[in-house]
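The opening position of the sequence shown corresponds to residue 209 in my numbering, with each subsequent residue numbered one higher. All remarks here apply to the structure that follows.
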Amino acid sequence: FGPASDLGDRFQQLFSSPELALELAANPSPAEAFNGEEPSPTYLQLPGWGPVPFELGLEQTNWVFVSRTHLTYALDLSDLPANEEDAATPAWADLRFRLQVPWGLTQLAPTATPPLSQDATGAVWQLQPGQTTRIDAVFWLPNAIALGTLGIVALVLGGYGLRYRVFKPAKTFGQS
């Protein structure tokens, strides 16, 4: 994908089905009310379970050589049975969301789910069945077109400097 909007569109296309959206629009359920801001979230169909509402939002701001991307992701797993607290019983679902970025990330909202682990290249969030997970992160991405343009300009200026500053043009016969 190129811009953040492409990622959001492809994510929505991959995880939502038009048939499920039409069915849920005709028969609203209490799961639709998990976020008061957006009345119609996208639904993910898990095998053997009902529809799971999720929202993915991406805002990208271009700052010449880098782009600031703000990712918000909400996944409502409250309709799924929670994992057992007993250590002897293994969890039936070990769901994780990993975000890999080249220059690290920061978390914005204090109400968002904290990451399970975070390092210089990204973070991993644990998605708990029986709960709603909200991820709010900001990260910087290099702008390849601007960096390529800067490289070309540097090569042209370097070549010009070498040609006309370091290696003086030879005087031809007839010039003073």
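Even glycine gets a Cβ: it sits at the ideal position worked out from N, Cα and C.
Where does residue i sit, in a helix, a strand or coil, going by DSSP?
i: Gln221; result: helix
i: Thr357; result: helix
i: Ser213; result: helix
i: Pro318; result: coil
i: Val274; result: strand
i: Leu254; result: coil
i: Val309; result: coil
i: Ala362; result: helix
i: Leu370; result: helix
i: Asp284; result: strand
i: Phe375; result: coil
In the DSSP assignment, the beta strand (DSSP E) including residue i goes from what residue to what residue?
i: Thr341; result: 340-350
i: Asp327; result: 325-327
i: Trp271; result: 259-271
i: Val332; result: 330-335
Judging by CA-CA distance, which residue of the options is the nearest neighbour of residue i?
i: Thr321; options: Thr280, Ile360, Ala328, Thr357; result: Thr280
i: Thr341; options: Pro323, Gly256, Pro259; result: Pro323
i: Gln315; options: Gly265, His278, Thr380, Pro261; result: His278
i: Val309; options: Gly366, Trp333, Pro318, Trp348; result: Trp348
i: Gly330; options: Ala317, Leu313, Ile343; result: Leu313
i: Thr250; options: Phe219, Ser275, Asn270; result: Phe219
i: Ala301; options: Pro255, Gly369, Ala378, Tyr368; result: Pro255
i: Ala328; options: Pro318, Trp311, Ala317, Ile343; result: Trp311
i: Ala317; options: Gly216, Ile343, Asn270; result: Ile343
i: Leu355; options: Arg373, Asn270, Phe375; result: Asn270
For residue i and residue j, which I take to be in contact (beta-carbon distance under 8 Å), what is that distance rounded to the nearest angstrom?
i: Ala345; j: Leu307; result: 6 Å
i: Pro337; j: Pro259; result: The pair is not a contact, with the Cβ atoms about 15 Å apart (cut-off 8 Å).
i: Leu285; j: Gln339; result: 6 Å
i: Phe305; j: Leu335; result: 6 Å
i: Phe273; j: Leu358; result: 7 Å
Let me check you understand the geometry: is the CB of residue i closer than 7 Å to at least one non-hydrogen atom of the ligand GDP?
i: Val274; result: This structure lacks the ligand GDP, and indeed carries no ligand of any kind.
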